[in-house]
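Under my numbering, residues 384 to 447 are what the sequence shown spells out, in order.
Glycine included, C-beta positions come from ideal geometry on N, C-alpha and C.
What follows is a short report on a single structure.
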Amino acid sequence: GFEWSYEGEAPAQLALALLADHLCDPKRALALHRGFMREVVANFANEWEMTSDDIDAALMAVAA
Numbered sequence: 384g385f386e387w388s389y390e391g392e393a394p395a396q397l398a399l400a401l402l403a404d405h406l407c408d409p410k411r412a413l414a415l416h417r418g419f420m421r422e423v424v425a426n427f428a429n430e431w432e433m434t435s436d437d438i439d440a441a442l443m444a445v446a447a
């Protein structure tokens, strides 16, 4: 299942799912999901939402 607010396997699954859906590129999502989990998903509050623009901005920050 999906979880967030910490670093671990369940938050990594959420990061991968978000990126796979957003990028429509499973290989790229797989390559980026750990960094996205550490920088974004691990820092989510209990209630959260992300737009496509939010994901794009987060990916730019993770890649920097």
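- Non-local beta-carbon contacts of V423 in its own chain, meaning distances under 6 Å to residues more than five positions away in sequence, involve A441 in chain order.
- A distance of 8 Å or more separates the beta carbons of S435 and H416.
- Going by DSSP, A428 is part of no alpha helix (DSSP H) at all; its letter is neither H nor E.
- Secondary structure note for M433: it is in no alpha helix (DSSP H), with a DSSP letter that is neither H nor E.
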